[in-house]
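So for the sequence shown, our numbering puts the first residue at 202; every next one is plus one. No residue lacks a Cβ here, since even glycine has one placed at the ideal position from N, Cα and C.
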Amino acid sequence: MTTLTPQASDQQPEALSAPQVLWNSGDEGDEAGFFSHRFTMAGSWRITGPLDTADLQWALDQLVVRHTILRTVVTRDKDSPTQEVVPARSVPLLVDHLAVAAGPDRDAAAERLRNEAETGSLDPRTVPLLRARLVRFDAEDAVLSLVTHHTAGDEWSMQVLLRDLAELIRAHAEDRPADLPEAVQYTDFTHDELTRENTPRTEEDRAYWRTHLAGARVFAVPTDREVPHVHSAPYSAHTFPLDAATVTRAHELAAQADTPVSTVYLAAFNLLAHRINGTMDPVIDTLTTVRPAPRHQGIVGPLMDFLALRTGLAGHDTFRDVLAATARTCREGHENAVPIQHVEDMLPELMSPNDEPRKTNLIFGAFAPPFEPAATRIADATEEVPKPAGLTPEGAWIPHGVAWTVHALATGELGGHIQFNTEELDPETVAGWAGTYAALLEAAVREPDRSWNSLG
Numbered sequence: 202m203t204t205l206t207p208q209a210s211d212q213q214p215e216a217l218s219a220p221q222v223l224w225n226s227g228d229e230g231d232e233a234g235f236f237s238h239r240f241t242m243a244g245s246w247r248i249t250g251p252l253d254t255a256d257l258q259w260a261l262d263q264l265v266v267r268h269t270i271l272r273t274v275v276t277r278d279k280d281s282p283t284q285e286v287v288p289a290r291s292v293p294l295l296v297d298h299l300a301v302a303a304g305p306d307r308d309a310a311a312e313r314l315r316n317e318a319e320t321g322s323l324d325p326r327t328v329p330l331l332r333a334r335l336v337r338f339d340a341e342d343a344v345l346s347l348v349t350h351h352t353a354g355d356e357w358s359m360q361v362l363l364r365d366l367a368e369l370i371r372a373h374a375e376d377r378p379a380d381l382p383e384a385v386q387y388t389d390f391t392h393d394e395l396t397r398e399n400t401p402r403t404e405e406d407r408a409y410w411r412t413h414l415a416g417a418r419v420f421a422v423p424t425d426r427e428v429p430h431v432h433s434a435p436y437s438a439h440t441f442p443l444d445a446a447t448v449t450r451a452h453e454l455a456a457q458a459d460t461p462v463s464t465v466y467l468a469a470f471n472l473l474a475h476r477i478n479g480t481m482d483p484v485i486d487t488l489t490t491v492r493p494a495p496r497h498q499g500i501v502g503p504l505m506d507f508l509a510l511r512t513g514l515a516g517h518d519t520f521r522d523v524l525a526a527t528a529r530t531c532r533e534g535h536e537n538a539v540p541i542q543h544v545e546d547m548l549p550e551l552m553s554p555n556d557e558p559r560k561t562n563l564i565f566g567a568f569a570p571p572f573e574p575a576a577t578r579i580a581d582a583t584e585e586v587p588k589p590a591g592l593t594p595e596g597a598w599i600p601h602g603v604a605w606t607v608h609a610l611a612t613g614e615l616g617g618h619i620q621f622n623t624e625e626l627d628p629e630t631v632a633g634w635a636g637t638y639a640a641l642l643e644a645a646v647r648e649p650d651r652s653w654n655s656l657g
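Structure below.
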């Protein structure tokens, strides 16, 4: 059986990727900014069936060997930052037992465990950049939580880690080699990205953004109070469900428009932006973690793209028209994607609304699991622990602003999740936006040929 062996790193420090450069530009020390120990991401799953702790520990350690980003340290130098891969170390695994009766009480306990994972901390200078906790309710019912730092992963990465972990656990239990594709490393992505820099194609991409976003201003949400320079309150979250029937209609409408379903969700958000501040020219700062290049799909690390997507509403009568315009914007945006900091350098006024005292920046993202459930199954069954609907007073921390995401759920529903700070926004304000968005989306996919201005 293969075991973890200490590894010497023969790799020299390397240049940062564009996402890492963005993180480094927002370095505000250890308590704030992108390198804050609170800027973590977590996943929690309900595991049904037997799970051997030794198998789990071995598999976790192999993840660190397999994915070098989990043992990569970014030197936070403003002038010449680098990333350096260091030798592998064992993953800290905390194992607990919790005596809770099966049923609703146990489900609620699982939700609390997820929240505990999301509100934890992790020093990005201390490898491995992965922590695990297994809480057993009984011999065949447990919650497994994984935590990494945002400088080492993104939404897609967490699913890759879960897929690899599931197969490594099975392989160790069955005393066989793991059946996994060869791992492509984050530094390979960095090399690919740097190779593409300063090519004629990149210049064409930049020209697209200079033209497409000329005179544009990003959508920033109005706040209930002036935005403080430093927050003392924790970040809160509002979670809201969208029913399976609405999701089914959204998929059908996306297929008719020959566009991903995420475009439908963004088109509805364009209408929400209009409802909030009357804009007919919404420019939404969006986040995607999809890996368009097949070579990059198994990479763990921050590969996110931030795209400022501009969709004019004038001249479009129905939601189907708005969807077509949004689809065109998304397609062109992804085809011409360049790091967002390059766009900001070319168009310094684009993000100016984010600096107004009574506005805060907003990021919108739509996510779906990249793998079938069977690929991420640990033991007999594995289900993501749901986020509880409504207000979570203390949720996952983000550096600033509002993060608005929608996630495809195993139930067929869609989970909406809004992270915000109560020093900027009242929970009632955020809940109102969520309700309006849900009503707009439900009406839009039910009656796409109706005037978009009469929806909701």
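- The three-state reading of DSSP puts M481 in coil, since its state is none of H, G, I, E or B.
- Of the other Cβ atoms in all chains shown, 16 or more fall within 10 Å of the Cβ of T273; this residue is therefore buried.
- Comparing C-alpha distances from L314 to each of L323, D324, L626, V301 shows the shortest one belongs to V301.
- Less than 8 Å separates the beta-carbon of L473 from that of T637.
- Between the stretch 420–433 and the stretch 476–485 there are three or more C-beta pairs closer than 8 Å, enough to call the two in contact.
- Taking C-beta atoms as the reference points, T487 and L510 count as a pair closer than 8 Å.
- By the beta-carbon neighbour count (other beta carbons within 10 angstroms, threshold 16), M505 is buried.
- Assigned with DSSP and collapsed to three states, S281 falls in coil, not helix or strand.
- Between T593 and the set F565, E533, I619, the nearest pair of CA atoms involves I619.
- Secondary structure note for A582: its beta strand (DSSP E) is the uninterrupted segment 582–585.
- In the three-state reduction of the DSSP assignment, F565 falls in the strand class, which pools E and B.
- A Cβ-Cβ contact shorter than 8 Å links G250 with D581.
- Assignment of beta-bridge partners to S652 by DSSP yields T519.
- Check the Cα spacing between P554 and each of F236, A451, I485: the tightest is with I485.
- For the stretch 488–558, the continuous alpha helix (DSSP H) assignments of 4+ residues that do not extend past its boundaries occur at 520–536, 541–547, in sequence order.
- For S463, the secondary structure class from DSSP, reduced to helix, strand or coil, is helix.
- Pairing R578 with A367 gives a Cβ-Cβ distance under 8 Å.
- As the crow flies, the alpha-carbon of A611 is around 8 Å from that of E584.
- Distance from P574 to G354 at the Cβ level is roughly 21 Å; contact not present, criterion being Cβ atoms closer than 8 Å.
- In the three-state DSSP reduction, F236 falls in the coil class, being neither helix nor strand.
- Proximity to R521 across A645, D342, A597 peaks at A645, based on C-alpha coordinates.
- Just measuring C-alpha positions, the residue of V292, D253, I564, A374 sitting nearest V603 is I564.
- Non-local beta-carbon contacts of A590 in its own chain, meaning distances under 7 Å to residues more than five positions away in sequence, involve T440, F441, P442 in chain order.
- Contiguous beta strand (DSSP E) elements confined to the stretch 409–477 occur at 421–423, 436–443, taking only those with 3 or more residues.
- Here V344 carries a strand assignment [DSSP, helix/strand/coil].
- One thing to note: V336 has its Cβ within 8 Å of the Cβ of D297.
- Between the beta-carbon of T388 and that of E215 there is about 6 Å, and that keeps the pair under the 8 Å contact cut.
- In the structure shown, F338 falls within a strand segment according to DSSP collapsed to helix, strand and coil.
- A219 sits in a helix when the DSSP states are folded into three classes.
- For D256, same chain residues with a beta-carbon under 6 Å away, outside a window of 5 residues either side, are I370, H373, A374 in chain order.
- For the 8 Å CB-CB criterion, F390 and H497 form a contact.
- According to the DSSP secondary-structure assignment, N622 is paired through a beta bridge with Y436.
- For the set M242, H608, T623, P293, the Cα lying nearest the Cα of V462 is the one of H608.
- Sequence-distant Cβ neighbours of D324 in its own chain, meaning closer than 6 Å and more than five residues away, are H238.
- Of the candidates Q284, E625, G244, T561, Q284 places its Cα closest to the Cα of N225.
- Bounds of the beta strand (DSSP E) holding T593 are 591–593.
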